[in-house]
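Below: one structure, written as structure tokens.
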Amino acid sequence: MKLLLLDVDGTLVDSQGHIQAAMEAAFAARGLPAPDREGVRGIIGLSLPVAMARLAPGADAEALTRAYGEAFHATRDDPAARSPLYPGAGEAVEALLARDDLLLGIATGKSRRGLDHVLEAHGLRGRFHTEQVADHHPSKPHPSMVWTALAETGVEGGDAALLGGSPYDMEMARLGGIRALGALWGYGAPEALRRAGAHRLLAGWDEIAGEPA
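So for the sequence shown, this note's numbering puts the first residue at 129; every next one is plus one.
Here it is, written out as structure tokens:
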């Protein structure tokens, strides 16, 4: 493995609570009933306009997306606490970044601004070799993020993998021609990750060291 791409929400950080609160505020601002936690959990990983269209069919997805952005950034006073790293994630990322034989990247449904804020909060901004965000790509599971990351790093698909916690991540990896690693600590059920194409399911960040070089 020469390139490992990481999803963010539900893989690197546990942001479900922050996302839920921002969703509730956004829907309230538009006079809509709040989506339930399972509904929100099911769209984490998608780009916001696609997520809003699924949560509120027939509503103005663009207006909801704007309201969500305003609510999310209005409640980002303590991002490290609101979107904490998963246990072992910080240590694992540092170990991976220290390797000379591996490039580490990001592939997330977050916006550029959202990703920068999370990485800054955890001392990780500017440390990844490639960062793919929702601003410049179709929503997952379209493989555009994977293809662009491969092109930017010069790595062949057979030498790359993606670690993610949602079925959208697994589908994106499969469609992009790279190995799909399912994070069991994330928001996707094990059977859903398998159905979506996971080659391997990991129970914790420490298991990433067991991936073949």
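C-beta: ideal position from N, C-alpha, C; glycine also.
Kindly indicate the opening and closing residues of the beta strand (DSSP E) around residue i.
| i | result |
| --- | --- |
| ARG311 | Just to set this straight, residue 311 is Ala in the shown sequence, not Arg. Looking at the DSSP string, the run of the beta strand (DSSP E) that includes ALA311 is 307-311. |
| GLY233 | 231-235 |
| LEU330 | 328-330 |
Locate the alpha helix (DSSP H) running through residue i, then write down its first and last residues.
| i | result |
| --- | --- |
| THR258 | Where THR258 is concerned, there is no enclosing alpha helix (DSSP H), although the beta strand (DSSP E) it sits in stretches over 258-260. |
| THR281 | 272-281 |
| ARG323 | 318-323 |
| ARG240 | 240-249 |
| ARG194 | 189-202 |
Going by DSSP, which residues form a beta bridge with residue i?
| i | result |
| --- | --- |
| LEU134 | ILE234, LEU291 |
| VAL141 | ASP137, LEU213 |
| ILE172 | LEU174 |
Closest to residue i by C-alpha separation, out of the options, would be which residue?
| i | options | result |
| --- | --- | --- |
| GLN148 | LEU133, ALA317, LEU176, LEU131 | LEU176 |
| GLY237 | GLU280, THR193, LEU230, ASP228 | THR193 |
| MET300 | ALA326, GLY286, VAL283 | ALA326 |
| LEU231 | ALA279, GLY314, GLY305 | ALA279 |
| ALA154 | VAL274, ASP297, ALA202, ARG323 | ALA202 |
| ALA156 | GLY310, TYR196, ARG169 | TYR196 |
| ARG255 | LEU183, ALA320, LEU225, GLY167 | LEU225 |
| GLY332 | ALA199, GLY186, GLU219 | GLU219 |
| VAL141 | ARG240, PRO318, GLU222, ALA217 | ALA217 |
| ALA213 | GLY186, SER272, ALA187, THR139 | It should be noted that the sequence gives Leu, not Ala, for residue 213. The candidate whose alpha carbon is nearest that of LEU213 is THR139. |
| GLY304 | THR276, ALA150, GLU166 | THR276 |
| SER143 | ARG158, LEU183, PHE200 | PHE200 |
| GLY359 | VAL221, ARG227, ARG328 | The first residue shown for the chain is 129 and the last is 341, placing residue 359 beyond what the model contains. |
For residue i, I'd like the list of residues in its chain whose CB is within less than 6 Å of its CB, leaving aside the five on either flank, ordered along the chain.
| i | result |
| --- | --- |
| ALA181 | ALA189 |
| ILE234 | LEU134, PHE256, GLU259 |
| ARG322 | none |
Measuring only between beta-carbons, confirm whether residue i sits less than 8 Å from chain B.
| i | result |
| --- | --- |
| LEU133 | Looking for chain B here will not work: only one protein chain is present. |
Apart from the five residues on each side of it in sequence, which residues of its chain come closer than 7 Å, Cβ to Cβ, to residue i?
| i | result |
| --- | --- |
| ILE306 | VAL274, GLY285, ALA288, ALA289, LEU290 |
| VAL136 | ILE234, THR236, LYS238, LEU243, VAL246 |
* **Touching by the beta-carbon criterion (3+ pairs, under 8 Å), the region 283-300 and the region 240-252** => Verdict: no, contact absent.
* **Any 3 or more C-beta pairs closer than 8 Å across the region 258-277 and the region 160-180** => Contact between the region 258-277 and the region 160-180 is present, because at least three Cβ pairs lie under 8 Å.
* **the region 155-162 / the region 251-265 touching (three or more Cβ pairs under 8 Å)** => Because the criterion of three Cβ pairs below 8 Å is not met, the region 155-162 and the region 251-265 do not touch.
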